[in-house]
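Taken in order, these protein sequences are the chains called A and B.
Numbering of the first sequence is given in the numbering used here, commencing with residue 1 and proceeding in unit increments.
Numbering of the second sequence is given in the numbering used here, commencing with residue 502 and proceeding in unit increments.
A short write-up of the structure that comes next.
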Amino acid sequence: MDAIITSFELLGTTLIIPMAVIGMTWGIFGGATPGLSPSITMALLLPFTYTMDPIPALVLLTSTYVGAEYGGSIPAILIRTPGTSASAATMIDGYEMRKQGRAGEALGISLQASSIGNFVGILCVILLTAPLSQLALAFKPSSYFALGILGLSVIVSVSEGMLFKGIIGALIGLMIATIGTDPVTGVGRFTYGNADLLTGVPIILVMVGLFAVGEVLEQVANRQPTAHISGGATKLKWPSWAVQLKTAKANLIGSVIGIFSGIMPGAGGTVASFMAYTEARRFSKTPEEFGKGSEEGVAAPECANNADAGVGLIPLLSFGIPASNSTAVLLGGFLIHGLIPGPVLFNRDPTILYGMFSGLLVASLALIPIAYMTLSASIWLVNRPKPYLFAFIAALVFSGAYSINNSPFDLGLVLASGILGYGMRYFGMPMLPTILGLVLGYMIESNYRRSLVISGGDYHIFIEDPVSVIFLSLAVLFLAGSLIREFRNRRLRPQDKEVSA
Amino acid sequence: MDRDILCGVIAFAIALAYLTAAATIPETAIGDTVGAAGVPHLLGYGLAIMSALYVGQRLLVLRAGIGPTADEEGDSRGVFDHPLAAFAWAAGAVAICAVFIFFFETTGYFLSVALLIFAMCVYQGVKPDIRLAAISIGGAVVFWLIFVMLLDVHMPLGIWADLI
Numbered sequence: 001m002d003a004i005i006t007s008f009e010l011l012g013t014t015l016i017i018p019m020a021v022i023g024m025t026w027g028i029f030g031g032a033t034p035g036l037s038p039s040i041t042m043a044l045l046l047p048f049t050y051t052m053d054p055i056p057a058l059v060l061l062t063s064t065y066v067g068a069e070y071g072g073s074i075p076a077i078l079i080r081t082p083g084t085s086a087s088a089a090t091m092i093d094g095y096e097m098r099k100q101g102r103a104g105e106a107l108g109i110s111l112q113a114s115s116i117g118n119f120v121g122i123l124c125v126i127l128l129t130a131p132l133s134q135l136a137l138a139f140k141p142s143s144y145f146a147l148g149i150l151g152l153s154v155i156v157s158v159s160e161g162m163l164f165k166g167i168i169g170a171l172i173g174l175m176i177a178t179i180g181t182d183p184v185t186g187v188g189r190f191t192y193g194n195a196d197l198l199t200g201v202p203i204i205l206v207m208v209g210l211f212a213v214g215e216v217l218e219q220v221a222n223r224q225p226t227a228h229i230s231g232g233a234t235k236l237k238w239p240s241w242a243v244q245l246k247t248a249k250a251n252l253i254g255s256v257i258g259i260f261s262g263i264m265p266g267a268g269g270t271v272a273s274f275m276a277y278t279e280a281r282r283f284s285k286t287p288e289e290f291g292k293g294s295e296e297g298v299a300a301p302e303c304a305n306n307a308d309a310g311v312g313l314i315p316l317l318s319f320g321i322p323a324s325n326s327t328a329v330l331l332g333g334f335l336i337h338g339l340i341p342g343p344v345l346f347n348r349d350p351t352i353l354y355g356m357f358s359g360l361l362v363a364s365l366a367l368i369p370i371a372y373m374t375l376s377a378s379i380w381l382v383n384r385p386k387p388y389l390f391a392f393i394a395a396l397v398f399s400g401a402y403s404i405n406n407s408p409f410d411l412g413l414v415l416a417s418g419i420l421g422y423g424m425r426y427f428g429m430p431m432l433p434t435i436l437g438l439v440l441g442y443m444i445e446s447n448y449r450r451s452l453v454i455s456g457g458d459y460h461i462f463i464e465d466p467v468s469v470i471f472l473s474l475a476v477l478f479l480a481g482s483l484i485r486e487f488r489n490r491r492l493r494p495q496d497k498e499v500s501a
Numbered sequence: 502m503d504r505d506i507l508c509g510v511i512a513f514a515i516a517l518a519y520l521t522a523a524a525t526i527p528e529t530a531i532g533d534t535v536g537a538a539g540v541p542h543l544l545g546y547g548l549a550i551m552s553a554l555y556v557g558q559r560l561l562v563l564r565a566g567i568g569p570t571a572d573e574e575g576d577s578r579g580v581f582d583h584p585l586a587a588f589a590w591a592a593g594a595v596a597i598c599a600v601f602i603f604f605f606e607t608t609g610y611f612l613s614v615a616l617l618i619f620a621m622c623v624y625q626g627v628k629p630d631i632r633l634a635a636i637s638i639g640g641a642v643v644f645w646l647i648f649v650m651l652l653d654v655h656m657p658l659g660i661w662a663d664l665i
């Protein structure tokens, strides 16, 4: 409760409200643009936040994150193209409603469900982050090492069906993290006399390159014409009381599934939204309407993916472990200001997190009016020819990257990361393992070696520390469970084929 | 070559190159038991083993004709149906960006950004006319206002420095 009160007290300070509104607006536009995921939309803002104070910068990024989750439903409903992968489930009934001439109603239901999911998720973040981060106060270097390994074990669940590629991606991320000065001896590694590399490869630039430049290259290479939204005059219609009553259960199901999915590392909004869709149909009084324009079919997935997005912030803010691409970019926002999310930040400078919480609350409340005001602009923006969009994104990315250190070397680094991102897209490699490797690499290596320095090279230190044992056991359990599921799925697949044949 | 096997082969090559580079990391007298090269060696060997295993697994799958093929693994690869053409188009965009970076400080921020927008649009099929030129210049003005005037970033003036 104290956290909520402190968050409200900060509202009048440090540009929180304007940044929440700007972030929300930018997020809706980004989410509404097919091809721009929430993480790319956030990554484009990263360089701007460099010159800002930490609180407005983090509010801007988190509000963008929240806005993009809603924005993704606009093209899903209007042109059957989900703006974000999490809005794919919304598309099923949303587009059916649009075909029946109920696009405005579908957008209204989606907006209401998003607001509910958002609010529930943010409330969980505010209430749970502080107690969880207190647990981490007892951490030693061995605990942080084990936490890093636990964080890396997320790759098995985000790489379902392509486990090898996920591990290869994570190893590449870890390798990039070794570039720079060695954390224990101070020896330069892979720097080849280049002073720009002594402090390591800036994570922010790699993220911007992987997400934004990689996407630009993919879209430029894609010569297919994109779908066009007809109906620029579509008006958002707030759901009537009858519809609100009808969708209440779906919203409740979506909220609960979103919370659990957000806590589970690597599950993600897409899984949450499809699960919510299935469960809402199971508990619906009118399951036969699903797939034919059901209001509940729009509400449940939207509510779930927005709740999931909020709750997904908890692992990052409590332990410094990002569980999704978007939270990895948000971590970049922290690192730009020399902040490392987790227990130390919570105890040393809680104002920053409370400021962020208040921004999230504002963003949650501002979602409804901003969604009304920006719908026509979103449709206009989505209909702009793609060549202009990607040319401007390229210009924005390079301008932002240069503004960080005023170094052309950084521009080359962003382009190189973009080429890597394009290659990963070509090979169908998930991006998050590489980002996790990059982000957690330094933490894992430095704490692993510090632990061994403390123990005089005795590896028992990792099993004498109870926190380390818990984390390592969880990582092993998590890995084993995912591996068993992976091999079971692979074994079942040929039989499935026979059945379907 | 199968796309996944190619992925494994490239990863293996990266591992070898990384291990070769890791071998040049100097050891110091004050080093810990692991050493500055310890973790890089671990990662290099890890990647080499994983990529070799992956190639082996893919070869087995292809030979036995069982298990998921690359396209069944849920990858949305519509863009890459014609990989050589896609690579060529992406390479062109990379070349435009590389030229932009190379001349960025010489031509100055404003002109570089205007030319980048213009070139990227033309490359994607937009007709190079006066309208596009106006959009490119307008875009550069907006970026100049945001970064230089609003955010106070010192962008390079390049050859225009003497004229202003």
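Virtual Cβ for every residue (Gly too), placed ideally from N, Cα, C.
Against chain B: residues of the stretch 436-462 of chain A by CB proximity under 8 angstroms: 445, 448, 449, 452, 453, 457
Residues bridged to residue 189 of chain A [DSSP beta-bridge criterion]: A:180
Any 3 or more C-beta pairs closer than 8 angstroms across the stretch 87-100 of chain A and the stretch 292-302 of chain A: yes
Cβ neighbours of residue 273 of chain A in the same chain (closer than 6 angstroms, five flanking residues each side left out): 86, 89, 301, 304, 305
Residue 575 of chain B in three-state terms, based on DSSP: Legend: pLDDT at residue 575 of chain B = 45, less than 50; position of this residue unreliable, value from coordinates given subsequently. DSSP places residue 575 of chain B in coil when its eight states are reduced to three.
Buried/exposed call for residue 139 of chain A, threshold 16 Cβ in 10 Å: buried
Where residue 270 of chain A falls: helix, strand or coil (DSSP): helix
Limits of the alpha helix (DSSP H) - the one that residue 251 of chain A falls within: 241-263
Contacting residues, own chain, Cβ-Cβ under 7 angstroms from residue 660 of chain B (five flanking each side not counted): 607, 608, 609
Cut-off 8 angstroms between Cβ atoms - residues of its own chain near residue 232 of chain A, not counting five sequence neighbours on either side: Reliability fails at residue 232 of chain A, whose pLDDT of 48 lies under 50, so the model's placement of it is uncertain and no value is given.
Sub-8 angstroms separation of residue 356 of chain A and residue 59 of chain A beta-carbons: yes
Contacts that residue 653 of chain B makes with chain A (C-beta to C-beta distance below 8 angstroms): 51
Contiguous alpha helix (DSSP H) assignments of at least 4 residues, all confined to the stretch 12-44 of chain A: 16-32
Any C-beta of chain B under 8 angstroms from that of residue 466 of chain A: no
Residues that residue 412 of chain A contacts on chain B, provided the C-beta gap is smaller than 7 angstroms: 602
CA-to-CA distance, residue 546 of chain B to residue 536 of chain B, given in whole angstroms: 16 angstroms
Rounded straight-line distance, which links the Cα of residue 515 of chain B to that of residue 527 of chain B: 21 angstroms
Amino acids of chain A, ordered along the chain, whose beta-carbon sits closer than 9 angstroms to that of residue 504 of chain B: 426, 427, 428
Environment of residue 573 of chain B [buried if 16+ CB atoms lie within 10 Å]: Low per-residue confidence applies at residue 573 of chain B: pLDDT is 47, beneath 50, and the placement is therefore not dependable enough to give any value.
Cut-off 8 angstroms between Cβ atoms - residues of its own chain near residue 640 of chain B, not counting five sequence neighbours on either side: 614, 615, 618
Rounded separation between residue 487 of chain A and residue 162 of chain A - CA only: 11 angstroms
Three-way DSSP call (helix, strand, coil) for residue 542 of chain B in this model: helix
Residues, ordered as in the chain, of the stretch 528-547 of chain B that lie near chain A by beta-carbon distance below 7 angstroms: 529, 531, 532, 533, 534, 535, 537, 540, 541, 544, 547
Any C-beta of chain A under 8 angstroms from that of residue 584 of chain B: yes
CB-CB length for residue 213 of chain A against residue 399 of chain A, believed under 8 angstroms: Their Cβ separation, rounded to whole angstroms, is 13 angstroms, which puts residue 213 of chain A and residue 399 of chain A out of contact at 8 angstroms.
Test: residue 551 of chain B CB closer than 8 angstroms to a CB of chain A: yes
Between the CA atoms of residue 473 of chain A and residue 115 of chain A - distance to the nearest angstrom: 37 angstroms
Cβ-Cβ distance between residue 626 of chain B and residue 322 of chain A below 8 angstroms: no
Residue 294 of chain A to residue 308 of chain A span [Cα, whole Å]: 22 angstroms
Sufficient close CB pairs (3 or more, under 8 angstroms) joining the stretch 162-176 of chain A to the stretch 427-442 of chain A: yes
Environment of residue 464 of chain A [buried if 16+ CB atoms lie within 10 Å]: exposed
Inter-residue spacing [alpha-carbon to alpha-carbon] between residue 462 of chain A and residue 447 of chain A: 11 angstroms
Which listed residue (A:215, A:338, A:297, A:21) has its alpha carbon closest to that of residue 283 of chain A: A:297
Min CB distance residue 175 of chain A to chain B below 8 angstroms: yes
Cutoff 8 angstroms; reference residue 542 of chain B; Cβ partners in own chain excluding five residues on either side: 520, 523
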